[in-house]
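Below is one structure; the comments refer to it alone.
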Amino acid sequence: MGKKKAEEMAEHRQIFRDGAAKNNIGEAKADEVFDLMEKFAGYGFNKSHAAAYSLLAYHTAWLKVHYTAEFFCANMTVEMDDTDKLKVLYEDALKMGLTFEAPDVNRGRYRFEPISDKQIRYGLGAIKGTGEQAIQAIITAREEGGPFTSLFDFCVRVDRSRLNKRCVDALIKAGAFDSLQLNRAALMESVDLAFDFANAAAANANQTGLFDMMDDDHGSSTQEPELVEVMPWGVKERLTFEKTAVGFYLSGHLFDEVAREVRQFAKRAIDDLIDTREPQLLAGIITDFRVINGARGKLGLFKLDDKSGVIDARVDEAMMNANRNLFKDDELVIVMGKVQPDRFSGGLQLNVNQVWDLAAARCRFGKFLRVAVNGKAPDIHRLVADFPPRREVTEQGELLRGLGVRLSVHRQRDEGGASAELQLGEDAKFFPSDAALAGWMAQADQGKSAIIYE
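Quick note on numbering that gives the first Met the number 0: the sequence shown kicks off at 0 and runs consecutively.
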């Protein structure tokens, strides 16, 4: 029965009937009993086993409701080495109304800790590239000398025999130094400098020079250098590095940066998907992209995440090869595809048949770019020359991907005002990359420039 071999089951049914007949039990009753056993073989266990599981489930549910923060702290500490399970617990905790205090070298400990009934302090041990010994060294230095004041102070005071540069890099990427310095890029570029400073401070710790004895203000060796000056990371770069350290986006989501614009044309969120045969337009961030060999060639499998939810998606080899620059982790894509039930997971699955990046989607779904002018027109010729429309060869022939422009004029006078819009011709079409839009905005009146989708 456990192996569910139909031929053997039929043979044993007859054996069971024969045995029942010898005990004066009719065939109908014998089949009824045999059917019960066959059904139980699908998935069943004895009452004591069921009772134990039920009691455990009841205790777990009670703890989760009445000691929610403690429940999640314990479970997340147990699973801190498994990013996938940690992410599920993190998202579940958010749904339960909990909030998380970001990783912080001045407050965090190795384990996850409840701050209150509704807030959890993120465990530093869950950051990839750290370790219990390194985190304990940080805590020891903090308890002995008080809060750290800078990256240099941190490197001087923490036992470097238990802390290496890889660990500091991971802490910076995770945002654990944000309370000291928000420019994570500057911190990353200054790690070598901070370790050199710490080594120099340790070498000079027991040496006292003649000038130091006579002049307390002379101690130039203790003067911290400045952080290396670099531009701060953008949202995408910051969150991408954060994901490498934590395993998922903790301080935000890559979709946040584009959500306001994208929702003007890709209106349906993944969490609101419906099972329909009609193609659906979705947008999200690609994660867990991989390629497998399918029955009809290679298949690209990935998850599409728009923060509201995640859906499993697939794309065929031809489309994957034509858009290699799009199908990769942490990339924003706008896709058209059919959603259908996934018989393996029980959820929904998206079969992609069209894909665009954001700039191409602006061409496809945007009506025009409205640019405010007031007495001075933008340098249209230069802007179009710098960002010309793109020509693409398709099965339907050559396509010109570009967005039209309308100049919006508004003049205010004492007794009233006048407004007008001037639609520029085809020669003024341009390819709406982020850089192109920034160029139009820089020349617009008061920076008023926006793509109109409806």
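Glycine is no exception: its CB is placed at the ideal position from the N, C-alpha and C atoms. Model, not experiment: these values are computed from the prediction.
Could you give the distance in angstroms between the alpha-carbon of Tyr66 and the alpha-carbon of Leu55? Going by C-alpha positions, Tyr66 is about 16 Å away from Leu55.
Does the structure place the stretch 362–381 close enough to the stretch 437–444 that three or more beta carbon pairs sit under 8 Å? Three or more Cβ pairs closer than 8 Å define a contact, and the stretch 437–444 meets that threshold against the stretch 362–381.
Ranges of the beta strand (DSSP E) found wholly within the stretch 278–329, counting only runs of at least 3: Given a length threshold of 3 residues, each whole run of the beta strand (DSSP E) inside the stretch 278–329 is given here in chain order: 279–293, 296–304, 309–315.
Please report the straight-line C-alpha distance between Glu6 and Val309, rounded to a whole angstrom. Glu6 and Val309: Cα-Cα distance of roughly 42 Å.
Kindly examine the ligand PLP and report whether one of its heavy atoms sits closer than 8 Å to the Cβ of Met440. Ligands in the displayed structure: none, and consequently the ligand PLP is not present.
In terms of alpha-carbon separation, which member of Ala449, Ala244, Ala312 lies closest to Ile269? Residue Ala312 is the option with its Cα nearest to Ile269.
Using a threshold of 9 Å, state whether the C-beta atoms of Ala125 and Val261 are closer than that. Here Ala125 is not near Val261, since their CB atoms are 9 Å or more apart.
Check whether Thr286 and Lys127 have beta carbons under 9 Å apart: With a cutoff of 9 Å on beta-carbon distance, Thr286 and Lys127 are scored as not near each other.
Would DSSP call Ala434 helix, strand or coil? If DSSP states are grouped into helix, strand and coil, Ala434 belongs with the helices.
Nearest to Met36 (by Cα), restricted to the options Gly107, Met8, Lys63: Checked all of Gly107, Met8, Lys63; the closest Cα to Met36 is Met8.
Who pairs with Val332 in a beta bridge, going by DSSP? According to DSSP, Val332 bridges with Gly283.
Any idea if Asp304 is buried or exposed, counting beta-carbon neighbours within 10 angstroms, 16 or more meaning buried? That one is buried.
Can Val245 and Ala173 be called in contact, C-beta distance under 9 Å? Yes, these two residues count as a Cβ contact at 9 Å.
Residues in the same chain with beta-carbon distance under 6 Å from Arg16, minus the five sequence neighbours each way, listed in chain order, please. These residues qualify, in order along the chain: Glu26, Ala29.
From the DSSP output, which residues share a beta bridge with Ala449? Partner(s): Arg369.
Could you give the first and the last residue of the continuous alpha helix (DSSP H) run that contains Asp18? First, the amino acid is wrong: residue 18 is Gly here, not Asp. For Gly18, the enclosing alpha helix (DSSP H) stretches over residues 5–21.
Please report the residue range of the alpha helix (DSSP H) in which Gln132 lies. In this chain, the alpha helix (DSSP H) harbouring Gln132 covers 131–144.
Close-in-space but distant-in-sequence residues of the same chain around Arg237 (CB under 7 Å, 5 per side omitted): Excluding sequence neighbours, Arg237 sits near Arg183.
For Lys306 and His252, believed in contact at Cβ under 8 Å, the rounded distance: The Cβ separation is near 5 Å, so the contact holds.
Is Gln180 helix, strand or coil by DSSP? Correct three-state label for Gln180: coil.
Please say whether Pro431 and Cys362 have beta carbons closer to each other than 9 Å? By the CB criterion at 9 Å, Cys362 and Pro431 fall inside the cutoff.
Boundaries of the beta strand (DSSP E) in which Glu100 is found, first to last residue: 98–100 is the span of the beta strand (DSSP E), which, as asked, contains Glu100.
Quick one, which of Phe151, Thr239, Trp232, Ile284 has its alpha-carbon nearest Leu226's? For Leu226, the nearest C-alpha among the options comes from Phe151.
Only counting the same chain, and skipping five residues up and downstream in sequence, which positions put a Cβ closer than 8 Å to that of Lys302? Within the same chain, Lys302 has close Cβ partners Ile285, Thr286, Asp287, Val309, Ile310, Asp311, Ala312.
Counting C-beta neighbours from all protein chains within 10 Å, is the total for Ser160 16 or more, i.e. buried, or is it exposed? Classification of Ser160: exposed, given that the 10 Å Cβ count is below 16.
Take the Cβ of Trp61 as the centre, count every other Cβ of all protein chains shown within 10 Å, and call the residue buried at 16 or more, exposed below. Residue environment for Trp61: exposed (fewer than 16 other C-beta atoms within 10 angstroms of its C-beta).
Buried or exposed for Tyr248, please, with buried defined as at least 16 other CB atoms from any protein chain shown within 10 angstroms of its CB. With 16 or more Cβ atoms within 10 Å of its Cβ, Tyr248 is classed as buried.
With C-beta atoms as the reference, is Ile451 less than 9 Å away from Arg400? In terms of Cβ geometry, Ile451 and Arg400 do not form a close pair [threshold 9 Å].
Consult DSSP for Gly416 and reduce its assignment to one of helix, strand or coil. For Gly416, the secondary structure class from DSSP, reduced to helix, strand or coil, is strand.
I need the straight-line Cα distance from Phe71 to Lys235, nearest angstrom please. Going by the C-alpha atoms only, they are around 29 Å apart.
Determine which residues share a DSSP beta bridge with Arg161 and list them. Looking at the DSSP assignment, Arg161 forms no beta bridge with any residue, so it has no partner.
Have a look at Phe326 and Leu349 and give me their C-alpha separation to the nearest angstrom. Straight through space, the alpha carbons of Leu349 and Phe326 are spaced by roughly 15 Å.
So, for Phe153: in the same chain, excluding its five sequence neighbours on each side, which residues have a beta-carbon less than 6 Å away from its beta-carbon? Hits under 6 Å: Phe147.
So what does DSSP say about Arg410, is it helix, strand or coil? Strand at Arg410.
Buried or exposed (CB count within 10 angstroms, at least 16 for buried), Leu88: Result: buried.
Buried or exposed: where does Ser448 fall if 16 or more other Cβ atoms within 10 Å of its Cβ makes it buried? By the 10 Å Cβ count, Ser448 comes out buried.
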